[in-house]
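Trainee: Sharing a structure with you now.
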């Protein structure tokens, strides 16, 4: 006999309306080109399935909190696969769910046609004499089809099971929607390591002050770590500074043992670092009428002229050519670059005030300007107090930030990507 879910009143973890609306609007999940799963009829012919909508932050250590990427919450949703929409109404949209641990090799073929019995047969329990394998908030209550996992912690590593990996699973709790099939959710397989390994854990994102071995592909006390230290590179900040100033020198330091693939992974991780507000200034002349400003990893932030700060994206093409020459000079004479002390970018008395600041480019040859006198508009941009994280989708590197050499340069406020 088919039983219909009864309406229940629950108290549980509240999910913000913004998150609910955003998740409800998400499009269909990817099925990797495989055939659609078998239909499981719910009320009104619905094909109900639970799905995780968050990736886990890896690796996971015993005793550590299980969380989403970048520390985000882990969300699960109830989806009608017929419409590819989150089920936001009806008794089934507010059911209670159990959080379980699955064997890592469960459903490796990504065939979503498993049965409830197959799912339950792959649930992992604790080893004999051990504490419960997963502790914390082991139930989640859906609200309008969306739920958020609470605090969860593994008490044991995954090395003792056949696949040496676990998955998290979600299923409808006993007593809810009996007689109605709601397919369970599962995460990707992952390894749980002993907490002692956390001493060597990589940081996501890394901090500027982190030891350089916190970056991907740099093992603590390994060959790459020793080579970097011998070259005077001890922190993530120092690593990024050399990436920007002279990436080829950095590659030479690391040696041929670092492949292009490893290098790309290393840079991708390093570029997730959040920058601080530290600034550096280079004046090509003692008069200090014009100078270029760099952020704390030596990327170009902008130009100062006439007691005004001009972000890189506010410059004209001809001005960028001039700034390019200043950047080259700064990198070649880095001992003359001074750190901004937070009091005043311009430590000089301005001799000339006007509605427009003019500065002399000197004997520089370029084709897109009729003379060497460039006009810099007076802008209201203030010097940035905080730098955003580097864009992981864009590469950084190159010995000189040559604006005229690369037409594909992306210049944004306070950042220069090349």
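Numbering (the UniProt record's numbering), first residue to last: 1 to 418. A virtual CB, placed ideally from N, CA and C, is assigned to each residue, including glycine.
According to DSSP, which residues form a beta bridge with residue 280?
Mentor: DSSP lists 294, 339 as partners of residue 280.
Trainee: Out of 228, 277, 282, 306, which has the shortest C-alpha to C-alpha gap to residue 289?
Mentor: For the residues 228, 277, 282, 306, the minimum Cα distance to residue 289 belongs to 306.
Trainee: Please give the ranges of any alpha helix (DSSP H) in the UniProt domain "Calmodulin binding protein central" (208-273), keeping only runs that are unbroken, at least 4 residues long and fully inside the region.
Mentor: The qualifying runs are 223-230, 236-254, 260-270.
Trainee: Give the DSSP-derived three-state secondary structure of residue 118 in the structure shown.
Mentor: Helix, per DSSP.
Trainee: So which of 301, 189, 130 has the shortest CA-CA distance to residue 320?
Mentor: For residue 320, the nearest C-alpha among the options comes from 301.
Trainee: Are the CB atoms of residue 78 and residue 93 within a distance shorter than 8 Å?
Mentor: Against a cut-off of 8 Å, the Cβ pair of residue 78 and residue 93 comes out as a contact.
Trainee: Report the residue ranges of all alpha helix (DSSP H) runs contained in full by the region 63-98; include only those spanning at least 4 residues, in chain order.
Mentor: Segments of the alpha helix (DSSP H) lying fully in the region 63-98: there are none.
Trainee: Quick check on the DSSP output: the beta strand (DSSP E) that includes residue 140 runs from which residue to which?
Mentor: Where residue 140 is concerned, the enclosing beta strand (DSSP E) stretches over 139-141.
Trainee: Would you say residue 233 touches the ligand PLP, meaning its beta carbon is less than 7 Å from a heavy atom?
Mentor: Judged by which ligands are present, the structure shown has none, so any question about the ligand PLP falls away.
Trainee: Between the alpha carbons of residue 52 and residue 240, how many angstroms are there, rounded?
Mentor: About 35 Å.
Trainee: Can you look up residue 196 in the DSSP assignment and give me helix, strand or coil?
Mentor: Three-state DSSP puts residue 196 in a helix.
Trainee: Cutting at 7 Å between CB atoms, please list the residues of its own chain near residue 72, excluding the five before and the five after it.
Mentor: Answer for residue 72: 54, listed in chain order.
Trainee: Give a yes or no on whether the C-beta atoms belonging to residue 453 and residue 136 are separated by under 8 Å.
Mentor: Nothing about residue 453 can be read from this structure; the chain reaches only from 1 to 418.
Trainee: With a threshold of 7 Å on Cβ separation, who are the neighbours of residue 231 within its own chain once the five nearest residues in sequence on each side are excluded?
Mentor: These residues qualify, in order along the chain: 253.
Trainee: Given a threshold of 16 other Cβ atoms within 10 Å of its Cβ, counted over all protein chains shown, does residue 172 qualify as buried or as exposed?
Mentor: The residue is buried, with at least 16 neighbouring Cβ atoms inside 10 Å.
Trainee: Is residue 117 buried or exposed, if buried means 16 or more other CB atoms sit within 10 Å of its CB?
Mentor: Under this definition residue 117 is an exposed residue.
Trainee: Please state whether DSSP places residue 303 in a helix, a strand or coil.
Mentor: Residue 303: strand per DSSP, three-state reduction.
Trainee: If you compare alpha carbons, which of 193, 304, 249, 149 is closest to residue 187?
Mentor: Of the listed residues, the one whose Cα sits closest to residue 187 is 149.
Trainee: Just curious, the alpha helix (DSSP H) that residue 319 is in, first and last residue?
Mentor: Where residue 319 is concerned, the enclosing alpha helix (DSSP H) stretches over 317-332.
Trainee: Please report the straight-line C-alpha distance between residue 260 and residue 193, rounded to a whole angstrom.
Mentor: Going from the Cα of residue 260 to the Cα of residue 193 covers about 28 Å.
Trainee: According to DSSP, residue 168 sits in a beta bridge with which residue or residues?
Mentor: 101.
Trainee: Determine the extent of the beta strand (DSSP E) in which residue 54 is found, giving its start and end residues.
Mentor: Segment: none, residue 54 is in no beta strand (DSSP E) and carries neither H nor E.
Trainee: DSSP three-state label for residue 371, please.
Mentor: Residue placement at residue 371 is poorly supported in this model, since its pLDDT is 33, which falls under 50; the coordinates still yield a value, given next. Coil, per DSSP.
Trainee: Which term fits residue 364, buried or exposed, when burial requires 16 or more other beta carbons within 10 angstroms of its beta carbon?
Mentor: Since pLDDT at residue 364 reaches only 29, below the 50 mark, its modelled position is unreliable, and the value read off the structure follows with that caveat. Exposed, since its Cβ has fewer than 16 Cβ neighbours within 10 Å.
Trainee: Which residues does DSSP pair with residue 311 in a beta bridge?
Mentor: Note: residue 311 sits in a beta bridge opposite 302.
Trainee: Name the residue from 96, 293, 328 whose alpha carbon lies nearest to the alpha carbon of residue 142.
Mentor: Comparing Cα-Cα distances from residue 142 to each of 96, 293, 328, the minimum goes to 96.
Trainee: Return yes when the Cβ of residue 48 is within less than 8 Å of the Cβ of residue 101, no when it is not.
Mentor: Taking 8 Å as the Cβ cut-off, residue 101 and residue 48 do not qualify as a contacting pair.
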